[in-house]
Structures are given as structure tokens and as C-alpha cells.
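K.L.:
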Amino acid sequence: MQKLITIIILTAALCFHHNVKANEMVNISGRLLDESQLPLSKVTINLNNKSVTSDKHGRFTIATVTKDIYQLNFVKKDYFKNIQTFSHYELFAQKKKNVNAAIADLTLVRKKAKRVMLAFGGDVMMDRRYYKPYFGDSILIHPETRLSDSKAIVENIKPYMSIADYAAVNLETQIANNTPGERAPKSVTFYSRPEILDALVWAGVDYVSLGNNHTYDYLEPGMASTLAFLQKSTLAFSGAGMNEKQALKAHRDTIKETHFSMLGYVGWEGRSEPSQTANHQHGGAAYGSMANIVNSVQQEVSQDRVTVVQYHGSQEYANSPTGVTEQRLKSALDNGAALAIAHHPHVTQGLELYDNKLIAYSMGNFIFDQNFSATKHSFILYVWLDEGKFHRAEIVPLYVKGYKPTPATGTNRYTVMKRLTELSKVRNTVISQSGGHGVIIAKTPVVTVKSLDNGSITTKGDINSGTKHELTFAQDSNIASLYHLPWHQQLTEVFIEDKKVKYRLGKNLVNGSDFESFSTFDSSERGLFFDRSVMSLNNYGDSGNSSIALALNDQHSTTFGVKSFWRVYSASRQVTIKASYLSKKAVKLHYYWQGRKKRQKLFDAFENSPKHLINTVELNGSDTWQNVEVDYNSPRIGYKSYRVMVEAELVDGSTTQLDIDDFAVIEWHSAFTDNPVPPFFSIDSRQPAYLGLSKARTNTKQNTVVVITK
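Residue 710 is where the sequence shown ends in UniProt numbering, and the numbering goes up by one at each step.
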């Protein structure tokens with residue numbers, strides 16, 4: 001196999017297809033509402049240095065030149081500012097007349113005395129691959145430009161964090177200019193340079209929790225260095241100290257005349273000595289035992305302080321919190337805490353409105369360098385509290401793209417929000433939609449709104465009705481994407497014209513598989529690999545505006561596929577690799593999977609693990625896109641993670657260009673069924689991104705498939 005190297009991301013503006021050209025004018029419209037779902041007039045909408053104002057019905061239309069990304073700012077006197085970001089592809093690709101697009105109704109939150117807007121992000125560090133990336137990826141932080149490079153990492157989330165009254169993240173690293181000293185006896189340790197603190201302040205962060213399993217990675221010298229740099233910074237902090245008393249001490253602050261206390265804990269002491277938690281002999285993180293949580297929360301609440309708990313616990317990469325985590329968080333709320341925010345799993349988990357107080361069970365990564373796909377989807381959580389009472393929460397979906405947090409758009413938005421919606425639903429917590437964000441409210445809103453057209457009263461959200469969607473299949477394909485379905489609604493029924501054909505549902509393990517986000521946010525995708533010497537980015541595609549091009553010749557084959565081993569996958573699952581190819585000459589494609597065994601070192605797996613042939617497919621030379629779907633079963637036992645790759649070999653001629661689009665690896669989470677009601681037997685099956693048929697359609701009009709969402 002050829003040496004693995006990263007893709008090159010082209011920064012030139014793309015020429016949009018679907019009848020929309022670069023620099024052509026398009027219109028984006030929407031409707032602004034207050035929390036009673038009544039129209040909001042005189043809202044200023046800013047986009048690309050142009051402003052419009054909503055009318056008396058709350059409606060607006062703003063014209064702009066075509067761009068990859070549209071970021072809209074909504075401002076109204078006496079209301080909290082709101083920011084929404086969309087990609088061109090998600091707004092316009094599904095439209096027949098695609099110079100006009102509408103975003104979903106968007107609600108603004110009114111300001112009032114002592115109403116506080118908090119913002120939370122997940123795990124944060126700037127170490128390892130930020131300085132020494134793998135596979136020839138570009139360096140993100142250079143020693144000579146550390147401050148500006150560190151700020152560049154957070155530039156895309158600065159607008160979102162800055163609008164809150166108070167913003168907080170989990171600082172999962174020690175702080176030092178150089179290696180602080182002896183490493184703790186553990187497999188993974190972090191330290192980040194002090195510029196990370198400057199970058200967080202610049203991005204609008206006010207407070208960091210230190211209650212985690214990396215805050216004592218370099219023992220006493222590292223702890224002392226971390227606290228010294230934080231004390232020089234304007235960042236507030238709690239959750240660690242040089243002894244147990246310091247570690248358990250709350251940070252106290254006053255926000256809009258309301259007294260707040262911020263507490264941070266880690267959920268376990270650690271298996272080695274010295275422990276990662278502070279005691280009377282050494283420093284470390286605050287140990288989040290039940291007794292410590294209850295005692296420290298009660299101490300703050302007894303002084304009439306609004307107490308916010310951040311807790312680091314549960315299992316990595318799991319869908320749900322452990323029972324210990326859940327009970328500790330709920331006990332904190334039972335004892336008077338106003339809000340509980342948790343982290344550590346590196347993937348998102350659900351939210352729960354418990355006794356009218358909010359729990360976020362895992363925020364996922366915020367600024368982190370993990371490679372595999374599941375860890376890149378996360379969110380910013382806004383929470384509005386009225387004198388400590390929960391009022392409302394808003395979820396801003398994020399995608400950690402090339403280790404930089406960015407607003408999630410398109411398929412990434414769907415992935416983030418679908419997961420959070422379904423994981424929260426099992427805890428009787430409903431996430432509704434506001435523009436491209438999710439919303440949780442304490443009580444169900446009124447179900448009637450004034451019509452914007454004639455002033456009559458109409459019912460909103462009739463639960464007895466559903467929305468019909470006809471699925472689109474490529475020629476000779478039995479798989480259709482579900483990414484265009486509303487993430488806040490559930491798939492409730494599937495109707496197939498041919499009664500002999502069954503269906504199944506699956507998730508996509510590849511981020512950025514449609515290649516529509518490759519040129520966005522000045523950050524490269526690092527989850528796929530191509531031979532950069534023969535790779536380029538097309539301004540056309542089979543399903544959208546972009547695809548990948550590989551220049552092939554008869555002297556050498558080239559390999560492309562998934563760069564990182566998936567740690568989050570289901571063993572012994574049926575899987576399909578789906579892609580569209582365009583080549584005017586015959587090309588042979590060899591599909592492989594490669595595994596990383598338990599306890600095997602990463603680079604040993606890359607270099608020495610055998611490639612297992614899945615199948616070989618030969619493409620005929622053609623002027624049209626060809627769909628290829630290759631089935632295999634994921635590894636059953638013995639593997640920590642695995643990945644897939646394709647070797648492309650020119651068969652006919654001396655040179656050709658191989659175009660690739662929609663490279664998805666679909667892990668099926670249901671068997672084929674003819675039951676119109678989807679078989680949602682697991683959390684994974686409740687987040688489908690693809691529907692597959694038991695029989696391929698020979699033309700696009702054959703065998704209509706319609707799905708219903710509610």
C-alpha cells in the first residue's frame with residue numbers, strides 16, 4: 001500500500017452548479033418569532049455587510065452573492081443576539097428554483113432583569129497533533145506564531161461564545177511553556193502552551209473547569225504551572241488545586257446582579273499513585289464523589305448562590321452516561337444546583353430536563369485533535385436562567401473540522417442534531433427547531449399562532465399529520481440518502497411501491513463524504529486520505545457542487561479511503577461502501593478493510609496490519625457517473641478499530657481522471673423488513689442517514705419509495 005498522505009484542500013471559490021453560478025445573486029428568507037411564537041418585527045438581519053429588517057409579520061428576505069457559507073446575525077433591541085450558519089449546498093441543492101431558499105422559523109429570546117445567557121463547550125486542549133500532525137497534514141500551531149495560530153483555531157466559534165453573558169469550557173490539559181516534568185503513570189498525557197488561554201479569552205470564554213482526568217498529567221509541577229498561568233489570565237477557574245480544599249472550592253462570580261458559583265469535578269480517583277484527585281498529600285482535580293458533590297453544592301446553595309456543576313465522568317465513546325454519573329448529577333440538582341454539565345466520553349450524549357433543571361450528559365469535544373469520525377460532532381449549549389431557574393436552552397451544532405471547531409452545516413448538522421434529538425427523547429426531553437439550532441424549553445409552548453397572512457388562528461404542529469418525502473435513488477442503486485429529512489422529526493413510516501422489496505436503515509461512518517464542505521471555514525478535512533500528488537477538487541459532482549478527482553496513469557495505482565481507524569463502530573454488522581465514480585476509461589477498484597487489534601500501536605497497525613480484500617469492481621469507461629455499492633461485514637472480534645480503503649488501477653489507456661463523489665460507508669442497524677413502521681431497536685437505529693432496498697432499481701422511476709416523518 002502506498003504511504004498515507006493527506007488530501008490537499010483547494011481554497012479557490014467553487015463554481016456552484018444546480019443552475020447557480022459563482023457570484024450570482026441568491027435570496028435567503030425566513031421568519032422571526034418571539035417565545036410565544038408571535039411575529040417579531042424590526043429585527044435587523046446582517047449577512048455579508050448587508051442588512052435588512054423583518055416586517056410586521058416577522059418575515060425577511062436578504063439577497064447575497066453565492067458563497068460556500070452564509071452566516072446570518074439577528075439583532076433586536078431588548079433581545080439576545082442570535083447567529084445562524086448555513087452552507088450553500090444545504091439551502092439550495094434540494095430546490096428546483098434554487099436562487100431562493102428559506103430557513104426554518106427562528107425564535108429570539110427576550111432580555112429581562114437578571115435573565116442570564118450562559119454558553120458551554122466541551123473538552124479543550126491544544127497539544128499533540130496541533131504541533132506534530134500525522135501523515136503530512138498541515139501544522140496548525142507553529143512555535144514562532146503560537147498566539148495567532150491558537151486564535152485561528154477558535155476563530156469560527158468566537159462569534160458564538162462572545163454573545164453569551166458568561167461562557168465556559170472544560171480545559172482538559174495542563175498549561176506550561178515546556179514539558180512540566182515527570183509524566184503521571186498513564187498512557188496519555190497533555191500539556192498545552194499558555195497561548196491557549198489567550199485564545200480562549202479572545203474567543204469569549206470566561207471560565208474553565210479543571211475537574212478532569214488530565215489536569216494532573218504532570219503531577220505537582222504541572223499543577224503548579226497550570227494554576228500560575230491561569231492566575232495571570234482573566235479566565236476564572238475551579239475544579240482543581242494544590243490540595244483537596246482548594247480543588248473543591250467553588251469559583252464565585254456575579255453575573256447580571258445574580259450570584260453564581262461554579263464547581264468542577266472528576267468522577268474517579270485513578271488507578272495509579274499518586275491519584276489524579278487532590279488530597280491532603282498532593283494536588284489534583286476535585287474528586288466528584290457523592291459526598292463531595294452534595295457537600296460542596298449545599299455549601300454554595302445555602303448562601304443563596306446559583307450553583308452550576310461541571311462533572312467529568314462516564315465511559316468514552318458511549319451513547320449514554322453510566323449509572324454513577326447520572327445519579328451524581330441528579331443528586332447535585334436535588335441538593336439545589338441549578339444546572340449540570342458533563343463531559344469525558346468525547347462524543348455527545350443526550351440532554352435531560354430533570355425536575356425542570358437541565359442536564360447535559362456529554363458535551364463531546366470542543367477543541368481536540370482526535371481523528372476518528374464520531375468524535376468530531378459536538379455542540380455549543382446556550383442556557384438561559386432566570387435568577388437560577390431554567391428558562392430555555394439552545395443547541396448550536398458543531399463540527400470539529402481539521403481539529404478546529406466550526407458551525408456544523410449540511411450532513412454534519414443532521415448528524416449532530418439527529419443524535420442529540422434521539423438520545424434526549426429517551427429521557428422524555430424534546431428538542432425542537434429554531435432555524436438550524438435545537439431548542440429545549442421548560443414547558444410545551446402554545447400550539448396556536450397568528451397567521452402571518454390574515455390574522456386568523458391556526459394550529460401549529462398537528463401530531464396527527466406527517467410530512468411525506470419521496471426518496472431519490474441513483475441509477476442502478478438500492479440506497480438513498482436521508483440527510484435531507486428534518487432532524488427534529490422521526491421517521492415513522494416507509495412505503496415501497498413494489499411489495500416484494502424490503503428495506504433497512506443505516507448510519508454513515510464517514511464525515512464529509514459528499515465533499516461539499518471541503519473548502520469551508522479555512523480548515524481541511526483530516527479523516528480521509530488521497531495521494532495528494534494526483535488529487536484535486538472538482539467544482540461539480542454527482543449529487544452536489546463538489547467531488548474529488550484523481551489523475552491515474554498506467555504506471556502506478558493509487559489508494560484512497562479512510563485515514564483513521566474507527567474506534568466507534570459496531571462489530572459483526574452488515575456494511576456497504578457506496579460511492580459514485582466518473583471515468584472515461586476502464587478502471588479497476590480493489591476494496592479492502594484493515595484492522596487495528598487490541599493493544600496494537602497505531603502506526604504498527606497502519607504499516608503492518610494486513611489488508612483484507614472485500615471485492616474488486618471494474619468500471620467501464622463512461623461519460624456518466626456510475627454508482628458502486630460493495631457489501632461486507634465489519635470485524636467480529638479481536639479488533640479495537642478498523643478502516644476501509646480502495647485501490648484504483650487504470651485498466652484501459654495510459655492516463656485518465658477518476659472522479660469520486662458521495663463516498664459513504666454505511667453501517668446497517670436493521671435487517672431487511674417489509675414492516676412500514678421502522679424497526680428502531682437501538683439508539684443507533686434511531687439515527688438513520690441511509691435507507692437501503694433489498695433489490696436494486698434498474699431505473700430512477702421504478703419502485704417509488706416514500707417515507708413519512710413526524
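Cβ atoms here follow ideal geometry from the backbone N, Cα and C, with glycine treated the same way.
Is Phe-515 closer than 9 angstroms to residue 711 when the C-beta atoms are compared?
P.N.:
There is simply no residue 711 to check, as the chain begins at 1 and stops at 710 in what is shown.
K.L.:
Rounded to a whole number of angstroms, what is the C-alpha to C-alpha distance between Ala-442 and Arg-392?
P.N.:
A direct Cα-Cα distance of roughly 7 angstroms separates Ala-442 from Arg-392.
K.L.:
For the beta strand (DSSP E) containing residue 750, name the first residue and the last one.
P.N.:
The chain is shown only over 1 to 710; residue 750 falls outside these bounds and no answer can be derived.
K.L.:
Just the Cα atoms here: how many angstroms apart are Ile-28 and Thr-44?
P.N.:
14 angstroms
K.L.:
For residue 711, name the three-state secondary structure that DSSP assigns.
P.N.:
Given that the chain is displayed from residue 1 to residue 710, the structure contains no residue 711 and the question cannot be resolved.
K.L.:
Alpha carbon to alpha carbon, what distance is there between Lys-76 and Val-205?
P.N.:
23 angstroms
K.L.:
Nearest by alpha-carbon distance to Lys-186: which of Val-201, Gln-327, Leu-219, His-344 is it?
P.N.:
Here the closest residue by C-alpha is Leu-219.
K.L.:
Quick one: residues in its chain with C-beta nearer than 7 angstroms to the C-beta of Ala-167, no 5 flanking neighbours on either side, listed in chain order?
P.N.:
Ala-119, Met-161, Gly-204, Val-205, Asp-206
K.L.:
Alpha carbon to alpha carbon, how far is Ser-138 from Phe-229? Give it in angstroms, no decimals.
P.N.:
28 angstroms
K.L.:
What residues match up with Ala-332 in a beta bridge as DSSP calls it?
P.N.:
Per DSSP, none; premise fails for Ala-332.
K.L.:
Rounded to a whole number of angstroms, what is the C-alpha to C-alpha distance between Asn-49 and Asn-23?
P.N.:
15 angstroms
K.L.:
Return helix, strand or coil for Pro-39, following the three-state DSSP convention.
P.N.:
strand
K.L.:
Looking only at its chain, what residues have a beta carbon closer than 7 angstroms to the beta carbon of Ser-87, apart from the 5 residues adjacent to it on each side?
P.N.:
Asp-68, Ile-69, Thr-409, Gly-410, Glu-516, Ser-517, Thr-520
K.L.:
To which residues does DSSP link Ala-285 through a beta bridge?
P.N.:
Ala-240, Thr-277
K.L.:
Report all residues from its chain with a CB closer than 8 angstroms to the CB of Asn-454; omit the five preceding and five following residues, and keep chain order.
P.N.:
Here Asn-454 scores only 38 on pLDDT, less than 50, and its place in the model should not be relied on; the value that follows carries that caveat. There are no such residues.
K.L.:
Go through its chain and collect everything with a Cβ distance to Trp-566's Cβ below 8 angstroms, but skip five positions before and after it.
P.N.:
Phe-372, Ser-373, Ala-374, Leu-509, Ser-641, Tyr-642, Arg-643.
K.L.:
For Thr-107, tell me which candidate among Gly-136, Ser-41, Leu-47 has the shortest Cα-Cα distance.
P.N.:
When each option's Cα is compared against that of Thr-107, the closest is Ser-41.
K.L.:
Could you check what DSSP says for Gln-555 in three-state terms: helix, strand or coil?
P.N.:
coil
K.L.:
Taking Val-297 and Ala-337 to be in contact with their CB atoms under 8 angstroms, please state how far apart those CB atoms are, rounded to whole angstroms.
P.N.:
5 angstroms
K.L.:
Pick out the complete beta strand (DSSP E) segments inside the segment 490 to 578, 3 residues or longer, and give them in chain order.
P.N.:
491 to 496, 503 to 508, 535 to 538, 547 to 553, 558 to 562
K.L.:
Determine the contact status of Gln-276 and Ala-184, defining contact as a CB-CB distance below 9 angstroms.
P.N.:
Yes, Cβ-Cβ distance for Gln-276 and Ala-184 is below 9 angstroms.
K.L.:
Name the residue from Asn-178, Asn-177, Val-154, Asp-123 whose alpha carbon lies nearest to the alpha carbon of Val-208.
P.N.:
When the alpha-carbon of Val-208 is set against those of Asn-178, Asn-177, Val-154, Asp-123, the nearest one is in Asp-123.
K.L.:
So, helix, strand or coil for Ile-457, using DSSP?
P.N.:
Below a pLDDT of 50, predicted positions are generally treated as unreliable, and Ile-457, at 33, falls in that range; the measurement from the model is reported next regardless. Looking at Ile-457 - three-state DSSP - the assignment turns out to be strand.
K.L.:
In the DSSP assignment, what residue or residues form a beta bridge with Pro-405?
P.N.:
Val-400
K.L.:
So for Lys-640, helix, strand or coil by DSSP?
P.N.:
In the structure shown, Lys-640 sits in a strand (DSSP, three-state: E or B).
K.L.:
With a Cβ-Cβ cutoff of 9 angstroms, do Gly-506 and Leu-693 count as a contact?
P.N.:
no
K.L.:
Can you tell me whether Lys-232 is helix, strand or coil according to DSSP?
P.N.:
helix
K.L.:
With DSSP collapsed to three states, give me the class of Ala-605.
P.N.:
helix
K.L.:
According to DSSP, what are the bridge partners of Lys-389?
P.N.:
Asp-386
K.L.:
Taking contact to mean at least 3 C-beta pairs separated by less than 8 angstroms, is the segment 602 to 609 in contact with the segment 651 to 664?
P.N.:
no
K.L.:
Out of Tyr-581, Phe-237, Asp-217, Glu-326, point me to the one whose CA is closest to Ser-272's CA.
P.N.:
Asp-217
K.L.:
Going by other Cβ atoms of all chains shown within 10 Å of its Cβ, with 16 needed for buried, is Asn-212 buried or exposed?
P.N.:
buried
K.L.:
Which residue from Phe-681, Ser-513, Ile-395, Phe-92 puts its Cα closest to that of Leu-351?
P.N.:
The shortest C-alpha separation from Leu-351 is found at Ile-395.
K.L.:
Strictly by DSSP, which residues pair up with Arg-252?
P.N.:
Ser-261
K.L.:
Excluding five sequence neighbours on each side, which residues of the same chain lie with their C-beta closer than 7 angstroms to the C-beta of residue 711?
P.N.:
Outside the displayed range of the chain (1 to 710) lies residue 711, so it cannot be described from this structure.
K.L.:
Evaluate the contact criterion for the segment 317 to 327 versus the segment 247 to 261: three or more CB pairs, one atom per stretch, below 8 angstroms.
P.N.:
no
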